[in-house]
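Worksheet: the structure to be examined is printed underneath.
There are 4 protein chains.
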Amino acid sequence: MALAIMCSGGDAPGMNPAIKKFVDYSYKKGEEAYLVYDGLEGLIDNKIKKATHQDVAGIVHIGGTIIRSSRSKRFFEHEYRLKAFNNLKSHGIKGMVVLGGDGSFRAMEKFSSEFDINFVGIPSTIDNDIYGTDYCLGVDTALNVIRDALDKIRDTASSFNRAFIVEVMGRDCGYLAVVSAMISGAEICIIPEVEFNTQEVEKKLLKEIEEGRNYILAIISEGSKNTSQVHAWIQDKLGLETRVSILGHIQRGGNPTVYDRLMAFDFTIKAVDYLLSHNDSNKVVVFKNGEFGFMEIEEVVSNKYQLPQHYLDAINFLD
Amino acid sequence: MALAIMCSGGDAPGMNPAIKKFVDYSYKKGEEAYLVYDGLEGLIDNKIKKATHQDVAGIVHIGGTIIRSSRSKRFFEHEYRLKAFNNLKSHGIKGMVVLGGDGSFRAMEKFSSEFDINFVGIPSTIDNDIYGTDYCLGVDTALNVIRDALDKIRDTASSFNRAFIVEVMGRDCGYLAVVSAMISGAEICIIPEVEFNTQEVEKKLLKEIEEGRNYILAIISEGSKNTSQVHAWIQDKLGLETRVSILGHIQRGGNPTVYDRLMAFDFTIKAVDYLLSHNDSNKVVVFKNGEFGFMEIEEVVSNKYQLPQHYLDAINFLD
Amino acid sequence: MALAIMCSGGDAPGMNPAIKKFVDYSYKKGEEAYLVYDGLEGLIDNKIKKATHQDVAGIVHIGGTIIRSSRSKRFFEHEYRLKAFNNLKSHGIKGMVVLGGDGSFRAMEKFSSEFDINFVGIPSTIDNDIYGTDYCLGVDTALNVIRDALDKIRDTASSFNRAFIVEVMGRDCGYLAVVSAMISGAEICIIPEVEFNTQEVEKKLLKEIEEGRNYILAIISEGSKNTSQVHAWIQDKLGLETRVSILGHIQRGGNPTVYDRLMAFDFTIKAVDYLLSHNDSNKVVVFKNGEFGFMEIEEVVSNKYQLPQHYLDAINFLD
Amino acid sequence: MALAIMCSGGDAPGMNPAIKKFVDYSYKKGEEAYLVYDGLEGLIDNKIKKATHQDVAGIVHIGGTIIRSSRSKRFFEHEYRLKAFNNLKSHGIKGMVVLGGDGSFRAMEKFSSEFDINFVGIPSTIDNDIYGTDYCLGVDTALNVIRDALDKIRDTASSFNRAFIVEVMGRDCGYLAVVSAMISGAEICIIPEVEFNTQEVEKKLLKEIEEGRNYILAIISEGSKNTSQVHAWIQDKLGLETRVSILGHIQRGGNPTVYDRLMAFDFTIKAVDYLLSHNDSNKVVVFKNGEFGFMEIEEVVSNKYQLPQHYLDAINFLD
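Chains as they are written, first to last, in my numbering: chain C, 45 to 363; chain D, 45 to 363; chain G, 45 to 363; chain Y, 45 to 363.
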């Protein structure tokens with residue numbers, strides 16, 4: 045049976061190790077492995093290529109994805125989905141592994157409901173905001189990139205009386221911000237899920253500054269949308285010269301960490317095994333309480349990821 | 045109640061975040077926190093100091109341990125253990141958190157059987173070879189240091205026809221070697237637990253070299269004790285110029301990763317909570333199947349860690 | 045003779061290696077070495093301490109400055125400068141090495157014109173904007189921190205059709221931006237010294253996008269003050285989804301590079317030797333055309349650093 | 045005019061930026077650019093390809109060399125050199141830029157003396173042991189890789205009473221070892237150029253150990269060939285448990301630093317300009333006292349690089 049792998053939506057570190065494992069493991073299982081380049085756009089335009097071991101040699105340590113990714117407006121139209129299906133059919137491809145997030149999974153659900161194509165999704169986004177799984181591919185690498193940035197700021201922070209604001213990714217989800225705040229000992233953490241109580245924090249920090257605290261580190265999730273407001277608040281109310289860093293796409297780069305490589309391998313093996321042993325798969329591989337499992341795509345995309353309570357609590361107990 | 049923290053035996057990344065959490069969390073719980081400097085030697089010589097928040101400010105991102113560690117011959121003698129106990133007593137210390145490995149835990153078991161002192165051990169060694177726990181503090185950082193070295197070798201490996209041997213830590217346990225081989229795509233992995241079948245590997249690799257393979261990466265666990273022998277074998281039998289790297293203590297350094305910081309925090313909170321709620325604790329915090337638990341020190345030290353079967357299997361399936 | 049070292053103004057990587065060399069070299073020369081903590085503020089408040097080798101052990105690889113820095117409004121008033129002088133006098137300190145920039149040098153010039161105190165400045169700022177020297181301490185480390193960030197963005201950039209804007213430091217000087225653009229192959233570089241010709245660049249890039257270019261990297265110096273404007277321009281005129289990273293103080297952190305350590309040692313030896321052999325020194329150590337020399341402080345602070353022509357030219361020849 | 049670039053001998057970081065600049069700059073000058081794959085072996089086997097901008101896109105930040113390198117026994121025979129020349133001729137190639145070391149330059153000298161082919165060599169080796177130039181491409185990256193390893197060892201060194209030996213590259217030349225020792229504050233440095241006086245060092249270090257020194261760092265150049273002997277000496281005479289790291293080819297990997305990228309660009313521009321303006325070039329680009337120049341290949345290969353006196357002196361003044 046021929047299988048294909050595709051990346052869709054934003055890229056995440058760990059995609060390349062998943063692609064390599066997909067190719068090696070498919071051939072080991074006696075199946076043919078195909079690569080879909082440029083995501084859904086490439087699916088429509090038939091950028092589909094039978095993979096060789098050579099195509100995926102020496103890629104496990106590279107960030108991003110060698111088969112690239114895309115978003116596609118055309119894929120919302122039936123005519124282009126039909127075109128995509130005919131492309132897959134012409135190669136004899138029966139099942140697809142899709143590395144992506146909610147949007148990509150929704151597209152594949154629609155696609156597989158219309159055509160005879162199976163797919164298994166692997167949750168891949170540094171935001172870690174997909175329902176049903178504790179872990180999304182790329183999160184550990186992103187967190188360690190943020191950690192490295194915060195460690196550098198710590199070096200310079202203690203040299204001078206200052207406040208530092210670091211904005212990290214997370215449009216709808218404060219996961220990256222909370223964990224970064226915990227492991228860096230930040231004093232302030234602001235995320236979309238929790239209203240930030242300036243008055244209480246102000247009182248506490250003013251007291252600490254009086255007692256000798258000479259710098260403050262604040263982590264803000266981009267989704268909370270108030271970096272410049274917090275900037276003004278710290279300067280005005282706490283009286284500290286304040287500097288802002290916005291990490292942006294640096295968080296998506298970097299060589300995948302050991303954890304992301306191991307997770308990429310495990311996610312991929314689960315996905316391929318599922319495709320090979322089920323005829324109508326329309327699932328997402330999830331990692332929950334230390335174990336891998338499968339969830340209906342419909343359940344994944346129709347629910348919203350909730351940040352676990354102990355992370356929400358952590359925000360109020362930053363030292 | 046007064047509690048103390050001590051490092052014993054070899055150091056591991058993650059000890060500093062554990063020390064910081066110990067101090068902050070103890071005070072938050074309303075207890076006094078003490079630091080024992082220089083391990084068992086310092087316990088005997090009363091290098092014990094009541095901790096301030098200032099002592100542990102800005103240390104989470106530093107490798108090694110700011111309170112240092114040691115091995116101690118004197119501690120094998122009763123007279124010195126008595127001295128150590130009297131030191132603890134003079135500070136009113138009732139419980140200790142000990143970051144260390146098997147040897148350290150054995151020493152503490154003896155100590156606590158003779159004197160009225162409780163302790164909880166936190167498994168801390170990059171070798172990941174302690175019975176009863178899936179994870180020892182420091183392993184994720186060590187693996188990522190190895191990964192970084194292997195990624196660098198990959199850069200240069202493909203420039204030239206060569207074999208590269210990298211010796212990693214692990215005196216009795218091939219954990220670091222196996223995982224490093226998996227995540228780097230090494231062709232050869234040699235560990236103490238598995239006899240290495242040169243003939244079969246030789247046949248396979250000679251065939252691949254004939255087909256165009258232009259470099260080989262071999263990971264060897266220091267405990268397998270045959271790095272120079274393997275060197276000779278590759279040069280003679282596979283005909284490739286071969287270069288050796290021995291990573292040594294580089295693997296123990298480096299800023300603790302996000303995972304090691306989070307684990308350090310969790311291990312420490314479990315240990316302190318246990319000491320505060322049990323009167324005769326003599327336990328090790330273990331992390332098994334994704335959950336924290338406690339194991340009798342006696343059980344931990346009287347059993348040998350076994351590398352899980354899927355790691356042993358992985359050695360035979362390196363691509 | 046007693047000498048002191050002080051950091052003033054913004055910190056820069058390389059200050060710690062300079063501090064260590066200052067202490068070790070002064071004692072080797074048979075002189076006493078003092079550390080002034082907290083910059084000019086500490087000078088006024090007598091935070092001056094005779095240094096031991098132990099104070100500076102193990103600091104060469106740490107970013108920031110262990111003796112901290114400050115800016116001081118009080119130092120503008122004669123009464124506080126008198127206080128500062130009396131502090132130095134009470135320790136018998138005759139000469140000072142000052143790690144800082146223009147502002148700090150101006151303060152010291154005033155100070156040394158009023159009181160019997162010699163000083164030699166070492167240009168220390170990642171902006172590389174001090175007149176008379178080709179190199180300021182910290183620049184190589186800052187450039188490599190920026191490089192690391194840009195390498196990460198390259199990983200992810202080619203995965204997706206996008207533009208990336210990275211804002212780097214440099215309030216009055218585009219040095220960091222130009223060199224970063226050169227070594228990363230950026231398509232756009234905007235600095236305070238050169239007016240940016242949007243029309244011409246727009247034409248060129250639109251043509252390249254038509255021919256297949258799938259991402260754009262733009263480096264902007266913070267001093268050019270138009271990051272959000274460029275953001276809008278790229279989105280509107282070039283039609284690429286655009287993401288912004290603002291590196292901020294990450295650029296000031298990080299372990300000093302080999303080059304910054306060697307320069308720190310050389311700058312410091314030159315400064316100490318000068319103080320020991322001249323009675324009325326009021327100089328800055330400069331590094332010009334590969335050689336060290338000394339320049340009157342007055343000349344340094346009354347002239348403006350000019351970015352060399354070949355850097356200005358480079359902006360128009362980015363590929 | 046058609047020009048070609050080739051790597052020969054061991055690889056060095058910075059080769060990729062040089063290759064990219066070669067292609068971009070040649071086309072900018074209106075010339076054709078060719079890539080010779082697999083070094084001299086590829087020259088004989090006609091692995092020569094006209095370069096496109098696409099071939100060299102996104103390579104500046106990658107270690108090693110994308111066109112690979114080799115050593116060649118066949119090239120010592122006239123028949124193969126003739127074959128190589130005919131290959132170049134068939135592509136119309138008149139001049140070559142060769143990234144390599146002494147051995148490669150000698151081969152090219154022979155080659156260009158027999159056939160109508162010009163070449164300019166760019167000194168490329170992390171050993172920094174080529175006569176006539178202060179700098180060889182790759183050295184700054186290699187030094188920073190070593191620095192990173194030593195910084196990690198420092199983290200763990202102070203945790204425990206131990207000695208650490210780190211063996212770095214340098215078969216005939218102690219450059220890497222000396223500079224690494226200087227910037228890491230090593231206590232011992234052993235290189236091929238200087239006889240190591242064990243007795244004197246032993247006396248000095250035993251005194252320091254008595255006074256409280258609790259670890260020793262020794263850097264040894266591989267060319268001094270006595271790592272295991274020094275190991276035994278430290279354990280026996282200084283009484284410290286001693287651990288060895290051999291960095292090996294890790295030193296050749298890693299993303300090229302800012303300095304190596306800038307040097308790669310400058311070396312390459314000089315080389316191409318020379319080829320385009322001289323008809324019988326047989327030169328090496330050298331960087332001496334901060335300036336670029338050209339030296340007859342014959343002079344380069346018939347002289348031995350001497351480590352500057354201040355580096356030799358530094359060995360006796362390690363603190």
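Just so you know, even glycine gets a beta-carbon here, dropped at the ideal spot from N, CA and C.
These figures come from a predicted structure and were not determined experimentally.
| Item | Value |
| --- | --- |
| Using only the alpha-carbon positions, how far apart do Tyr303/D and Phe336/C sit? | 19 Å |
| Taking Cβ-Cβ distances shorter than 8 Å, what residues in chain G pair up with Asp195/Y? | His105, Asn299 |
| Is Arg191/C close to chain D, meaning its C-beta is less than 7 Å from at least one C-beta of that chain? | yes |
| Which runs of the beta strand (DSSP E) at least 3 residues long sit entirely within the stretch 235-312 of chain Y? Give them in chain order. | 259-265, 286-290 |
| For the beta strand (DSSP E) that contains Ile49/Y, what are its first and last residues? | 46-51 |
| Does at least one heavy atom of the ligand SAM sit under 6 Å from the Cβ of Ala201/G? | Annotation note on the ligand SAM: not contained in the displayed structure, which lists no ligands. |
| Quick check: the Cα distance between Ile49/Y and Arg112/Y, rounded to an integer number of angstroms? | 11 Å |
| Could you check if Leu220/Y is buried or exposed, using at least 16 other CB atoms within 10 Å of its CB as the buried criterion? | buried |
| Throw me the rounded Cβ distance for the Phe364/C and Val141/C pair, which I believe falls under 8 Å. | Because residue 364/C is not part of the residues shown, which for chain C are 45 to 363, the question remains open. |
| So, helix, strand or coil for Val104/D, using DSSP? | coil |
| Do the CB positions of Ile263/D and Val329/D come within less than 7 Å of each other? | no |
| Quick one, are the C-beta atoms of Phe331/G and Asp178/G less than 7 Å apart? | yes |
| Report the residue from Asp184/D, Thr242/D, Arg215/D whose alpha carbon sits nearest the alpha carbon of Ser224/D. | Asp184/D |
| Please classify Ala77/Y: is it buried, with 16 or more other beta-carbons within 10 angstroms of its beta-carbon, or exposed? | buried |
| Listing by chain order, which chain D residues have their CB less than 8 Å from the CB of Phe204/Y? | Gly54, Asp55, Arg112, Ser113, Ser114 |
| Under a Cβ-count criterion, where at least 16 other Cβ atoms within 10 Å of its own Cβ denotes burial, should Arg215/C be classed as buried or exposed? | exposed |
| Measure from the alpha carbon of Gly54/Y to the alpha carbon of each residue in Asn323/Y, His135/Y, Gly147/Y, Leu126/Y, then state which is nearest. | Gly147/Y |
| So, is the C-beta of Leu187/G closer than 7 Å to a C-beta in chain Y? | yes |
| Which residues of chain C have a Cβ atom closer than 8 Å to the Cβ of Val288/G, listed in chain order? | Ile290, Gly292 |
| Could you name each continuous beta strand (DSSP E) segment of 3 residues or more that falls completely within the stretch 154-198 of chain D, going from the start of the chain to the end? | 162-167 |
| Whole angstroms are fine: how far does the CA of Arg125/D sit from the CA of Gly298/Y? | 49 Å |
| How many angstroms separate the CA atom of Leu320/D from the CA atom of Met45/D? | 8 Å |
| Could you tell me which chain Y residues have their CB closer than 8 Å to the CB of Phe208/D, listed as they occur along the chain? | Gly292, His293 |
| Based on Cα-Cα distance, which residue from Tyr175/G, Phe204/G, Arg118/G, Ser157/G lies nearest to Thr286/G? | Phe204/G |
| Express the C-alpha separation of Lys127/C and His135/C in angstroms, rounding to a whole number. | 13 Å |
| For His122/C and Val104/C, what's the separation of their Cα atoms in angstroms? | 36 Å |
| Checking 7 Å against the spacing of the C-beta atoms, do Leu84/D and Ser116/D come in under that value? | yes |
| When you compare each of Asp192/D, Met152/D, Val274/D, Asn258/D to Asp324/D by their alpha carbons, which one comes out closest? | Met152/D |
| Could you check where the beta strand (DSSP E) with Gly337/Y kicks off and where it finishes? | 335-340 |
| So within the stretch 207-238 of chain D, which uninterrupted beta strand (DSSP E) runs reach at least 3 residues, ignoring any that extend past its ends? | 232-234 |
| For Lys138/D, which residues of its own chain have a beta-carbon under 6 Å away from its beta-carbon, when the five flanking residues on both sides are left out? | Met45 |
| Using the C-alpha atoms, what's the distance from Ala276/Y back to Ser52/D? | 26 Å |
| How many angstroms separate the CA atom of Ile253/C from the CA atom of Asn270/C? | 23 Å |
| Once the 5 residues before and after Gly144/D are set aside, which same chain residues still bring their CB inside 7 Å of it? | Cys51, Ser52, Gly53, Gly165, Ser168 |
| In the DSSP assignment, find the unbroken alpha helix (DSSP H) run with Ala128/C in it and report its ends. | 122-134 |
| Please classify Asp199/D as buried or exposed, where buried requires at least 16 other C-beta atoms within 10 Å of its C-beta. | buried |
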